[in-house]
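Undergrad: Pasting in a structure now, in structure tokens, and then I'll have a few things to ask.
Protein chains: 2
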Amino acid sequence: MQEKLNELKTRLWEVNDLHGAAALLYWDQATYMPPGGAEARGRQLAALSQLAQERFTDPAVGRLLDELQPYEASLPYESDEASLVRVTRRQYQRATRLPAAFVAEASQHAARSYQAWTTARPANDFAAMQPLLEKTLELSRRAAGYYGWPADGHVADALIEEADYGMTVATLRPLFAALREQLTPLVEAIQRQPAPDDSFLHRHYPEQQQWDFGVRVVERFGYDFQRGRQDKTHHPFMIKFGPGDVRITTRFHENDLGDGLFSTMHESGHAMYEQGIDPALDGTPLGGGTSAGVHESQSRLWENLVGRSRPFWSHTYPQLQAVFPDQLGDISLDSFYRAINKVQPGLTRVEADEVTYNLHVIIRFELELALLEGSLAVQDLPEAWRAAYRAALGVTVPDDRQGVLQDMHWYYSQIGGGFQGYTLGNIMSAAFWQAANAAHPEIAGQIAQGRFDTLLGWLRAHIHRHGSKFTAAELVQQITGAPLSIAPYIGYLQAKYGELYGL
Amino acid sequence: MQEKLNELKTRLWEVNDLHGAAALLYWDQATYMPPGGAEARGRQLAALSQLAQERFTDPAVGRLLDELQPYEASLPYESDEASLVRVTRRQYQRATRLPAAFVAEASQHAARSYQAWTTARPANDFAAMQPLLEKTLELSRRAAGYYGWPADGHVADALIEEADYGMTVATLRPLFAALREQLTPLVEAIQRQPAPDDSFLHRHYPEQQQWDFGVRVVERFGYDFQRGRQDKTHHPFMIKFGPGDVRITTRFHENDLGDGLFSTMHESGHAMYEQGIDPALDGTPLGGGTSAGVHESQSRLWENLVGRSRPFWSHTYPQLQAVFPDQLGDISLDSFYRAINKVQPGLTRVEADEVTYNLHVIIRFELELALLEGSLAVQDLPEAWRAAYRAALGVTVPDDRQGVLQDMHWYYSQIGGGFQGYTLGNIMSAAFWQAANAAHPEIAGQIAQGRFDTLLGWLRAHIHRHGSKFTAAELVQQITGAPLSIAPYIGYLQAKYGELYGL
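Quick mapping for you: the protein sequence lines, in order, are chains X and H. This note's numbering applies: residue 18 is where the first sequence begins, and numbers increase by one. This note's numbering applies: residue 18 is where the second sequence begins, and numbers increase by one.
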């Protein structure tokens, strides 16, 4: 059996190396590639993705997985070996369900659609996207059909499990509904209070100083630059080429201190997750973060629960003031803390504050479900978007550019499964945070001294090192002793913003 | 036939894309990769190289080439189609001659040897390298055996044709001997004259200004930054990921103005060659420079015949002075021109001036031949190196670090075929330069006005656009109407340095 397991691992290593190489091609495309490189890069990426797909879906992999089944059954569920066979089989079954012709059709359509979106969005031209989006919806339904879903399930379940395995519409809808029910009165109460002044965040902050300060912060968090680096891009992301090379990207606006700083913290949270995975899981499907939601829980934990907290800034704010004496010398810690936590319903998801952010996500999630169910037609989507924003956030969407054309998700890949992870991540970040602080009540005090090792150590031990061994639901159960609950998250928001806004 | 040709091209595109992807992995390794990335990167590079090799040596490629033979024979030699079949067959035959087990053994040994060299060189420890180099020699001989060479040829011919197809020991030995015979008295005559002062080149030149000035120069030359970019590295190189993405790398020393500036010019010459290839040849073995020698002719032409010329600096020196007023304000154009053309026999090939450079190359070429012939044993190599440097350059080699351990070539790949291209490039650069100036006598005047378009246009039309259609010898014959001759090169050196040193 050891021989078969080794053969499986050898095959998976190769697939992993091809994915790692493709990731570097993508990274370069988003950071340094000159304009002339686009055409060849598209072909190279397609060639590598196809090779990786071919090697992974090789029937020999399926046979090995079958042959390893008795071995898997003889081992503890949480062992490296049983987990490897289990998770690889799950991914193999999913990967082999889509016909090659469908994959080619969908990826060609995605490239066309994304290309069109890059011009339609600035032109505020939803009409140009409508036929493409209708095709995307059809392809998304067909993909769901190939994957399949249980008789009592939802068509979107087949798509959600790609990034958030184990999550279903049946569990997410009530969870998100309950969350919205709690958020709406909180947002309303906050809006009745005077808004804090955050104009000083928009003074002039030279890029190099922002960069240096951000690097110092995430280095203190525990992001290892010996096994990573940071570069500039348009839309920040984290990317991994191997366990020793997990990179982050960021961007800076010289008239917006918060954008670059919190984005850097956010991506470092993703990266520390990948850097913390047990090296024994390298080169296999276990050697990466387990789901979009859990990944987002790590990025949001460092960005918000640490990076927007009072203990953190009580230690770090004097350092920030020393870097920007002209811009922040006259601003108190309290004013700064209020400014970076200002709540204001707006139009744009990625600019939203902690409290309203999930309302943006839930709107998209519900619209996706309606499209997939057929209860909403693509041509009616812009109006449905406007209505949802009016209802949930009380804002008027002036155009589709700031409305339904805002996020690339539907225009780049598929409709369904792309948004739930953001809110799952927020909910889980507070659940994990609560557990970490219960186990180590000294964490808040350490953060107020600029120390993060106890927190990072706990995250590594309970989340990071497992890679993809456990599903999100399993991790939550192991850590909190119960299924995922919104209570810690709501508790966190109510306490923090109750204090901030004197509610 | 068109169908078979298209099938061949499709297969070659994929091989090409895999090579392009591998090239990006190499570029990143040499520019931005964090230390932790090395292990996975080695595997990724090996995986892509092996895939490219597998796809290229697929027997289906051989069958297509056989089937296309009548078609090839029916077309003019210089047509795109006939050239494609001809050059692909040549490369295919070569690639299929090495057994896979040998390729694996050789590449593993090369990695081990290179690794050992990176520590043995600074430690001046040739003894540590000797057994590895003996193995390299054995592998090089075996490779030559697999490739084969004519009965009246030399074992090194089989290795030389890898990078400089068509060149043989029988042609190179007399060419290089004649060159050496002319260079030696020139160097001796120069050494009898007072040495120019070049101390001001070693004042403090801040890196950013060096960078900006170098970029401005190569942009004026015609290097297209829309289809390329420049980054920093330890050992500068040019690399291509596709016709629209041809990058250069450089380095700067703040106490050495010449190193970065001429290195930037040099790499831009390589890059303009690749940027100038006919797009119709993309994605095939024709879509790259034809040989190491012709490539080096382009880099050396821009670095030396343009970049170290009086017309160029008569226009450009005031701009350089404006960038570095404190460092060069008191230095006349004539003093600067003399300093950047100072001739001084030394120990290090890559630091050598134009006149002595080829003596370094010829020493290595002759030692390679002696090793391959068996007339020199690896253990006697350091002493043979010292003797050769004493004889050819009159210098005493104080240690192996500055002697036989100096270049990575023998420690990284094989013994044989790695050096002749440098001197071939110098010889050809002057032959091409003479032809271009004969066709366009206005070139020197244009360079003195900071214009390079006539020169670049001529190089594109006669060399660049052909890619690998013609061999080096064919290009030389087409352009000069005769086989390669050292006369233009010697004439150029004697005129330039005769004037400079008042000989």
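We treat Cβ as the ideally placed atom computed from N, Cα and C, and that holds for glycine.
Measure the Cβ-Cβ separation of X:PHE436 and X:GLY239 and say whether it is below 9 angstroms.
TA: Pairing X:PHE436 with X:GLY239 gives a Cβ-Cβ distance that is not under 9 angstroms.
Undergrad: Taking just the CA atoms, how far does H:ASP241 sit from H:HIS218?
TA: A quick correction: the sequence has Leu, not His, at residue 218 of chain H. Between H:LEU218 and H:ASP241, the alpha-carbon positions lie close to 28 angstroms from each other.
Undergrad: Starting from H:GLY259, follow its DSSP beta bridges and name the residues at the other end.
TA: H:ASP262
Undergrad: Once DSSP output is grouped into helix, strand and coil, what is the label at H:THR74?
TA: coil
Undergrad: Just the chain H side, please: which residues come within less than 7 angstroms of X:MET50 by C-beta, in chain order?
TA: ASP262
Undergrad: Going along the chain, which residues of its own chain have a beta-carbon closer than 8 angstroms to the beta-carbon of X:GLU31, five neighbours each way excluded?
TA: ARG72
Undergrad: Within its chain, find whatever has a CB closer than 6 angstroms to the CB of X:ILE444; leave out the 5 residues flanking it on each side and keep chain order.
TA: ILE503, TYR506
Undergrad: Starting from X:LYS249, trace the beta strand (DSSP E) both ways and give me its first and last residue.
TA: Here the beta strand (DSSP E) through X:LYS249 covers 247 to 249.
Undergrad: With a threshold of 16 other CB atoms inside 10 Å of the CB of X:ASP262, please say whether the residue is buried or exposed.
TA: With 16 or more other Cβ atoms within 10 Å, it is buried.
Undergrad: So, with DSSP's three-state summary, where would you put H:HIS17?
TA: It is not possible to answer for residue 17 of chain H, since the shown part of chain H is limited to 18 through 520.
Undergrad: Once you ignore the five residues that flank H:GLY165 on each side, which residues in its own chain have a CB closer than 8 angstroms to its CB?
TA: ARG114, ALA175
Undergrad: Give a yes or no on whether the C-beta atoms belonging to X:LEU62 and X:LEU22 are separated by under 9 angstroms.
TA: No, Cβ-Cβ distance for X:LEU62 and X:LEU22 is not below 9 angstroms.
Undergrad: For the region 397 to 439 of chain H, which segments carrying the beta strand (DSSP E) assignment without a break, of at least 3 residues, lie completely within its bounds, in sequence order?
TA: Entirely contained in the region 397 to 439 of chain H, not one beta strand (DSSP E) run reaches 3 residues.
Undergrad: Since H:GLY304 meets chain X, which of its residues come closer than 9 angstroms, beta carbon to beta carbon?
TA: Simply none; closest approach about 11 angstroms.
Undergrad: Hey, quick one: how far does the alpha helix (DSSP H) through X:ALA394 stretch, first residue to last?
TA: Unbroken run through X:ALA394: none, as it is neither H nor E.
Undergrad: Taking H:GLY245 as the query, report the chain B residues whose CB atoms sit under 7 angstroms from its CB, ordered along the chain.
TA: The question asks about chain B, but that chain is absent: this structure's protein chains are X and H.
Undergrad: Do H:LEU149 and H:SER124 count as a contact pair if the criterion is CB distance below 9 angstroms?
TA: no
Undergrad: Just mark H:GLN132 as buried or exposed, buried being the case when its beta carbon has 16 or more other beta carbons within 10 Å.
TA: For H:GLN132, the number of other beta carbons within 10 angstroms of its own is below 16, and it is reported as exposed.
Undergrad: Tell me whether H:GLN315 is buried or exposed, calling it buried when 16 or more other Cβ atoms sit within 10 Å of its Cβ.
TA: buried
Undergrad: Do you know how far the Cα of H:PRO51 is from the Cα of X:VAL412?
TA: Looking at the two C-alpha atoms, the distance is approximately 45 angstroms.
Undergrad: Which residues, in order along the region 59 to 76 of chain X, keep a beta-carbon less than 9 angstroms from a beta-carbon of chain H?
TA: ARG60, GLN61, LEU62, ALA63, ALA64, LEU65, LEU68
Undergrad: Taking C-alpha atoms, which residue in H:GLY391, H:ASP370, H:ARG381 lies nearest to H:ARG403?
TA: H:ARG381
Undergrad: Between X:GLU24, X:LEU42, X:LEU82, X:THR153, which lies nearest to X:PHE119 when the distance is taken from Cα to Cα?
TA: X:THR153
Undergrad: Which runs of the alpha helix (DSSP H) fall wholly inside the region 451 to 512 of chain X and span at least 4 residues, in chain order?
TA: Counting only runs of 4+ residues, the alpha helix (DSSP H) found wholly inside the region 451 to 512 of chain X occupies 460 to 464, 470 to 479, 489 to 497, in chain order.
Undergrad: Along chain X, which residues have their Cβ under 9 angstroms away from the Cβ of H:LEU389?
TA: Residues of chain X passing the Cβ test: none, with the nearest at roughly 35 angstroms.
Undergrad: Report the residues of the region 108 to 133 of chain X with a CB closer than 9 angstroms to any CB of chain H, ordered along the chain.
TA: For the region 108 to 133 of chain X, no residue has a beta-carbon sitting nearer than 9 angstroms to a beta-carbon of chain H.
Undergrad: Is there at least one Cβ from chain X nearer than 9 angstroms to H:TRP166's Cβ?
TA: no
Undergrad: To the nearest angstrom, how far is the alpha carbon of X:ASN321 from that of X:HIS312?
TA: 14 angstroms
Undergrad: For H:GLN495 and H:ARG477, what's the separation of their Cα atoms in angstroms?
TA: In a straight line, the C-alpha of H:GLN495 is about 14 angstroms away from that of H:ARG477.
Undergrad: Sort H:PRO167, H:GLY498, H:LEU384, H:GLU98 by Cα distance to H:ASP20 and report the nearest one.
TA: Looking at the sequence provided, one finds Glu at residue 20 of chain H rather than Asp. Cα-wise, what sits closest to H:GLU20 is H:GLU98.
Undergrad: So, with DSSP's three-state summary, where would you put H:HIS171?
TA: coil
Undergrad: Assess, as a yes-or-no matter, whether the region 76 to 93 of chain H is touched by the region 274 to 294 of chain H under the definition of 3 or more beta carbon pairs within less than 8 angstroms.
TA: no
Undergrad: Identify every residue that forms a DSSP beta bridge with H:THR267.
TA: H:LYS249
Undergrad: Let me check one thing: in DSSP terms, what residues is H:ASP273 bridge-paired to?
TA: H:HIS270
Undergrad: Are the C-beta atoms of H:GLU56 and some chain X residue less than 9 angstroms apart?
TA: Answer yes: the Cβ-Cβ gap between H:GLU56 and chain X drops below 9 angstroms somewhere.
Undergrad: Is there at least one Cβ from chain H nearer than 9 angstroms to X:GLU42's Cβ?
TA: With the sequence shown as reference, residue 42 of chain X is identified as Leu, and Glu is not the correct amino acid for it. A Cβ of chain H is located within less than 9 angstroms of the beta carbon of X:LEU42.
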